[in-house]
Structures are given as structure tokens and as C-alpha cells.
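Asker: Let me begin by handing over the structure; questions about it come next.
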Ligand SMILES: *[C@@H]1O[C@H](CO)[C@@H](O)[C@H](O)[C@H]1NC(C)=O
């Protein structure tokens, strides 16, 4: 009886924040990551795992969907002199730069690989810290020919390899350009949009 009572109250606490939905669809608890040394912070789903040596200043990924991850990067303090986000131009112009950077990073040297990209939205907002942030959303699809060496064009069938959503939040502080980047398969994005937007909205840059 006692045990049951305890369990029940535990469940009640949980469901206050999460309306009754199947267990797997529960809104995850968020944890805050604060880097006072480099000057940024954000919130991420508690079950995400930090991956070291992934090339970014910080890198987390979903433990189940390995293609879903987030990273934070910033321009090198010695070589960059960003005064404000507007140095990048409008959100639309910044969006084009972000997309160009993605396409460069994902450039493939494989034969017969084609990328199709789209800027879905760009926007700006002033967060509760009074600072300006840009948000950029991009879709990129990658197609590969199943038989690039086929002589007849009709034998080279382009197959969709992946279809991903890339979300970036940009902010300027300490003369640096900071970017939080989220990447996820498009079908996962549709399911987890609310959580991913919460990560994006939580990103802050701070004076060091
Ligand atoms: C992060 O996700 C992207 C695709 O969304 C994937 O290509 C990449 O390998 C992932 N990175 C790591 C380190 O898991």
C-alpha cells in the first residue's frame, strides 16, 4: 500500500508537467548547460549525451536517434571582431551564409551525389537578456545514384540518402559570433519540433 502511494505521487508530479500521453511521448526534462568560460548557455533534453572530440566546443546527441544532435561553435576570439549580429546583414542574408557553410561542410567527393537545399525560415528576436538573436532553418536532402557508372542514364537512379532539418541560432558577444546548431532527420523533427524549438529559444550568449 505504502509503495503504491509513493509511486502514485511520483506519477502525479510527472504528469503535472506532462499531460497524460504514452510514456514514450513524454516531454523530456531539460537540463541547462552553462559555459561561463566561453560565454554561452542553452537547455537540452536531459537524456542527451555529451560527445567529446566531435569538433565543436560542445556537442550533445540524442541517445536513440544518432543523427539528432546539437553543437555550439564560436568564431576565434583573436581573429574575429563582431560588434553586433547586424554585421552579418539581415536574418535572410545570415541565412544564406549559414546555408553556404553547411553545403561546404557536407560537400561530398563521392560520384553521383546531389544535394538539394532550401532555406525554410529566417527570423530575429530579442530574448529576455535584451540581446538580438537570429534563427535560421534549412532543409537539405542528399541523393545518390545507385549506379553512377551505368552507361545508360536511365540506369542511374537517384535515391534519397537523407533528408534533414538544420536549425541554427546566432548571437554576438565578446566580439565573437556564436552559433548553436541542431541537426535532425526531417521525420524526427516533425515529432520533436516543440523540444527542439525549446533548445533554440534557450540559447544565450554572455559577456566574459
Ligand atoms: C550529427 O548528426 C548528423 C546528421 O543529422 C550526422 O551526420 C552526424 O554524424 C552526427 N554527429 C555525431 C558526432 O554523431
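Numbering (mature numbering (1 follows the signal peptide of the UniProt record, and there is no 0)), first residue to last: -17 to -1, 1 to 191.
All residues carry an ideal CB built from backbone N, CA and C; glycine is no exception.
(1) Since residue 166 is in the alpha helix (DSSP H), which residue starts that stretch and which ends it?
(2) Among residues of its own chain, excluding the 5 on either side of residue 86, which ones have a beta-carbon nearer than 8 angstroms to its beta-carbon?
(3) For residue 166, count neighbouring C-beta atoms within 10 Å of its own C-beta (all shown protein chains included) and say buried if the count is 16 or more, exposed if not.
(4) Applying the 10 Å Cβ sphere with the 16-neighbour rule, what's the burial state of residue 138?
(5) Which full runs of the beta strand (DSSP E) of 3+ residues lie inside the region 87 to 169, going along the chain?
(6) Among the candidates 60, 53 and 117, whose CA atom is the shortest distance from the CA of residue 81?
(7) Should residue 183 be labelled buried (16 or more other beta-carbon atoms within 10 Å of its own) or exposed?
(8) With a CB to CB cut of under 6 angstroms and the five nearest residues on each side skipped, what residues in its chain are close to residue 168?
(9) Is residue 28 helix, strand or coil by DSSP?
(10) So, for residue 143: in the same chain, excluding its five sequence neighbours on each side, which residues have a beta-carbon less than 8 angstroms away from its beta-carbon?
(11) Leaving out the 5 sequence neighbours to the left and right, which residues in its chain are closer than 7 angstroms to residue 30 when beta-carbon positions are compared?
(12) What did DSSP end up calling residue 78 once you bin it into helix, strand or coil?
(13) Is residue 84 near ligand 1, with its Cβ less than 6 angstroms from a heavy atom?
(14) Which two residues bound the contiguous beta strand (DSSP E) that contains residue 35?
(15) Would you check whether ligand 1 has a heavy atom nearer than 6 angstroms to the C-beta of residue 147?
(16) At a cut-off of 6 angstroms, would you count residue 37 as near ligand 1, judging by its Cβ distance to the nearest heavy atom?
Answerer: With the structure as the only source:
(1) Premise fails: residue 166 lies in the beta strand (DSSP E), 159 to 168, not in any alpha helix (DSSP H).
(2) Same-chain partners within the cutoff: 98, 100 and 123.
(3) Answer is buried; the Cβ neighbour count reaches 16.
(4) That one is exposed.
(5) DSSP runs (the beta strand (DSSP E)) wholly in the region 87 to 169: 96 to 109, 115 to 128, 141 to 156 and 159 to 168.
(6) For residue 81, the closest C-alpha among the options 60, 53 and 117 is that of 117.
(7) Buried.
(8) Within its own chain, the residues whose Cβ lies closer than 6 angstroms to the Cβ of residue 168, once the five positions on either side in sequence are excluded, are 50 and 147, listed in chain order.
(9) DSSP places residue 28 in the strand class (E or B) of the three-state scheme.
(10) Cβ within range, chain order: 124, 125 and 126.
(11) These residues qualify, in order along the chain: 11 and 46.
(12) Helix.
(13) Taking 6 angstroms as the cut-off, one finds no heavy atom of ligand 1 near enough to the beta carbon of residue 84.
(14) Where residue 35 is concerned, there is no enclosing beta strand (DSSP E), given that its DSSP letter is neither H nor E.
(15) Yes, the beta carbon of residue 147 sits closer than 6 angstroms to at least one heavy atom of ligand 1.
(16) Within the cutoff, so yes.
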